[in-house]
Amino acid sequence: MMSDLSQAEIDALLAGSGGDSSDDSAGGGAPPDTSDTDDILSPMEKDALGEIGNISMGSAATTLSTLLGHKVSITTPSVSVAPMNVIQQHYPLPYLVVEVAYTVGIDGNNVFAIQATDAAVIADLMMGGDGTNPDHELNEIHMSAVGEAMNQMMGAVATSLSTMFNKKIDISPPKVNLVDFGKEDLAADKSTEPMVRAAFRMEVDGLIDSEIMQIISVKVAKEMVDSLMSGGEEPAPAPAPDPAPAPASAPQQSYSPPPQAAPPPQQAYAPPPQQPQQGYYPPPGYGYGGNQMQPNVVTNMPVSPAQFTPLSVEPVQINEANIGLILDVPLQVTVELGRTKKTIKEILDLTSGSIVELDKLAGEPVEIQVNGHYLAKGEVVVIDENFGVRITEIATPAERAAHLA
Numbered sequence: 235m236m237s238d239l240s241q242a243e244i245d246a247l248l249a250g251s252g253g254d255s256s257d258d259s260a261g262g263g264a265p266p267d268t269s270d271t272d273d274i275l276s277p278m279e280k281d282a283l284g285e286i287g288n289i290s291m292g293s294a295a296t297t298l299s300t301l302l303g304h305k306v307s308i309t310t311p312s313v314s315v316a317p318m319n320v321i322q323q324h325y326p327l328p329y330l331v332v333e334v335a336y337t338v339g340i341d342g343n344n345v346f347a348i349q350a351t352d353a354a355v356i357a358d359l360m361m362g363g364d365g366t367n368p369d370h371e372l373n374e375i376h377m378s379a380v381g382e383a384m385n386q387m388m389g390a391v392a393t394s395l396s397t398m399f400n401k402k403i404d405i406s407p408p409k410v411n412l413v414d415f416g417k418e419d420l421a422a423d424k425s426t427e428p429m430v431r432a433a434f435r436m437e438v439d440g441l442i443d444s445e446i447m448q449i450i451s452v453k454v455a456k457e458m459v460d461s462l463m464s465g466g467e468e469p470a471p472a473p474a475p476d477p478a479p480a481p482a483s484a485p486q487q488s489y490s491p492p493p494q495a496a497p498p499p500q501q502a503y504a505p506p507p508q509q510p511q512q513g514y515y516p517p518p519g520y521g522y523g524g525n526q527m528q529p530n531v532v533t534n535m536p537v538s539p540a541q542f543t544p545l546s547v548e549p550v551q552i553n554e555a556n557i558g559l560i561l562d563v564p565l566q567v568t569v570e571l572g573r574t575k576k577t578i579k580e581i582l583d584l585t586s587g588s589i590v591e592l593d594k595l596a597g598e599p600v601e602i603q604v605n606g607h608y609l610a611k612g613e614v615v616v617i618d619e620n621f622g623v624r625i626t627e628i629a630t631p632a633e634r635a636a637h638l639a
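Okay, so the sequence shown: first residue is 235 according to the working numbering, each after it adds one.
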């Protein structure tokens with residue numbers, strides 16, 4: 235038989251059971267309480283910020299997918315406004331915080347926060363691993379790898395914003411720090427200042443299924459919304475004031491010009507040519523005659539087809555004396571034994587005694603380069619305990635051009 239519980243006891247039990255859910259411990263529970271800051275951004279502004287984040291982070295996901303070699307998807311964000319201390323209380327986990335400053339187009343900073351465990355997977359993939367067994371202790375090399383990935387992502391975001399806002403937007407190199415939101419204060423001097431938080435769900439090909447946050451100030455958020463709404467257009471100039479009305483003219487009076495003397499006999503008179511009005515140019519082929527434009531047409535002009543000298547197919551004669559001027563110029567000859575590609579992880583694992591396998595087979599001709607340009611093929615020989623190369627084949631012009639591509 236169940237005993238009756240008071241309403242206070244029921245509320246206490248519900249409050250206790252809601253604070254230890256697995257979703258909240260993973261940083262993916264309900265958003266922080268924003269009841270006091272809901273009126274800072276209107277629903278339209280939140281929708282606009284969500285659309286901006288959806289488009290820009292779509293480009294960032296494509297860039298990250300190329301870097302990691304795995305499919306990356308980032309969903310449409312949920313936008314909310316809350317003080318920084320409230321956001322940290324809701325996500326008491328170690329986060330890798332990447333801060334990027336806008337240098338052109340937007341005045342402010344952009345902060346991205348990604349869980350340290352997810353950052354470890356990204357670092358492992360960047361360094362040639364498969365991401366299934368990452369090193370959860372992030373060292374300087376790991377943070378540098380993640381910083382480079384975030385730098386590429388934010389570059390893609392800036393490009394998308396430039397297209398959306400129709401203006402140039404540049405960013406500074408990112409600053410990467412490892413911060414424990416449960417122990418450290420990210421903004422001690424502005425912890426109670428409202429911030430705009432956009433939460434994205436990020437999935438990386440079965441390796442990561444988590445949440446990343448974008449945190450910006452309300453000022454930067456409103457500036458982005460204004461840029462999106464205006465399309466980057468400059469405000470139209472104010473219309474010029476109407477000109478003052480001209481004063482009323484006095485009554486016209488009759489006027490008789492004084493008699494002019496007749497021109498002397500046999501003296502020609504040509505009226506001065508009239509100049510076109512400022513800012514107007516007549517079409518080609520027209521001249522000015524009196525007050526009317528008359529076509530200026532030239533007739534009986536002899537016209538003949540263009541004639542060109544035929545090209546000679548004879549070999550060009552080389553002046554031996556001119557080549558002799560550069561015969562003493564030194565050139566650097568390089569013999570390339572082979573090439574290979576290694577990841578950063580494989581390069582760091584090299585030690586004394588390690589063997590690097592090249593793309594050449596044993597006995598295959600080596601390439602001879604002059605000033606870095608492919609010239610010939612040859613075989614390696616030994617002359618008096620020194621290595622040498624015996625030229626076996628001179629490259630054709632087509633082969634040299636193929637190596638330049």
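Ideal Cβ placement from N, Cα and C applies to all residues, glycine included.
Considering only the alpha carbon of each residue, which of the options lies closest to residue i?
| i | options | result |
| --- | --- | --- |
| A432 | N411, S314, D364 | S314 |
| N343 | T351, A350, G284, E333 | E333 |
| V459 | A632, P564, G606, G284 | G284 |
| L609 | E619, V567, I578 | V567 |
| L298 | D341, F434, A390 | A390 |
| F621 | L571, A635, A294, T296 | L571 |
| A383 | F346, N367, E591 | F346 |
| M360 | A392, A596, A379 | A379 |
| T393 | A353, I289, M377, P311 | I289 |
| E374 | A354, S538, M388 | A354 |
| I405 | A295, F415, T337, S464 | T337 |
| M387 | P311, A629, V306, A294 | A294 |
| E627 | E598, E619, I617, D618 | E598 |
What residues in its chain sit with their C-beta under 7 Å from that of residue i, if we drop five residues either side in the sequence?
| i | result |
| --- | --- |
| N385 | P407, P408 |
| L565 | V604, N605 |
| P485 | Confidence in P485 is poor, its pLDDT being 46 and thus under 50, which makes the residue's placement unreliable; the coordinate value appears in the next sentence. Taken in chain order, the list of residues that qualify is empty. |
| P631 | none |
| E580 | G362 |
| V590 | T574 |
| D414 | P328 |
Return the chain-ordered list of same chain residues with a C-beta closer than 6 Å to the C-beta of residue i, the five sequence neighbours on each side being excluded.
| i | result |
| --- | --- |
| G381 | P408, V410 |
| A282 | V459, L462 |
| G513 | Its pLDDT being 46, under 50, G513 is placed unreliably in this model, and the coordinates cannot settle the point. |
| I446 | I348, F434, M436 |
| K594 | G572 |
| S483 | Bear in mind that a pLDDT of 46 at S483, under 50, signals an unreliable position, so the number given afterwards is only what the model happens to contain. Taken in chain order, the list of residues that qualify is empty. |
| P311 | G284, G287, A432, A433, F434 |
| V306 | A295, L298, S299, V438 |
| P479 | In this prediction, P479 has a pLDDT of 49, which is less than 50 and means its spatial position is unreliable; what the coordinates show is noted afterwards. None. |
Within a Cβ cutoff of 8 Å, which residues of the same chain sit near residue i, ignoring the five residues on either side of it in sequence?
| i | result |
| --- | --- |
| V623 | V569, V600, I602, G612, E613, V614, V615 |
| E457 | I340, D341, G342 |
| S396 | G339, K402, I403 |
| D676 | A question about residue 676 goes unanswered here, because the residues of the chain that appear run from 235 up to 639. |
| H607 | R634, H637, L638 |
| I625 | I602, A610, K611, G612 |
| A540 | none |
| E279 | A455, K456, V459 |
When DSSP builds the beta bridges, which residues end up paired with residue i?
| i | result |
| --- | --- |
| L412 | L330 |
| T393 | Paired residues: none, contrary to the question. |
| K611 | E601, E627 |
| P428 | P317 |
| G292 | Answer is none; G292 lacks a bridge partner. |
| Q349 | Y329 |
| A433 | S312, M447 |
| E457 | BP columns for E457 are empty, so no partner. |
| D404 | V338 |
| G622 | V615 |
| S307 | E437 |
| V569 | I602 |
| I442 | V438 |
| N344 | V334 |
Could you tell me if the beta carbon of residue i falls within a distance shorter than 6 Å of some heavy atom in the ligand NAD?
| i | result |
| --- | --- |
| V569 | Among the components modelled here there is no ligand, and therefore nothing to report on the ligand NAD. |
Please tell me whether residue i and residue j are closer than 7 Å, where the distance is taken between their beta carbons.
| i | j | result |
| --- | --- | --- |
| L330 | I348 | yes |
| L178 | G365 | No answer is possible for residue 178: the residues shown for the chain start at 235 and end at 639. |
| I449 | M436 | no |
| F399 | M291 | no |
| H304 | D443 | no |
| P326 | T426 | no |
| A350 | P328 | yes |
| T577 | G287 | no |
| I274 | V452 | yes |
| H370 | A357 | no |
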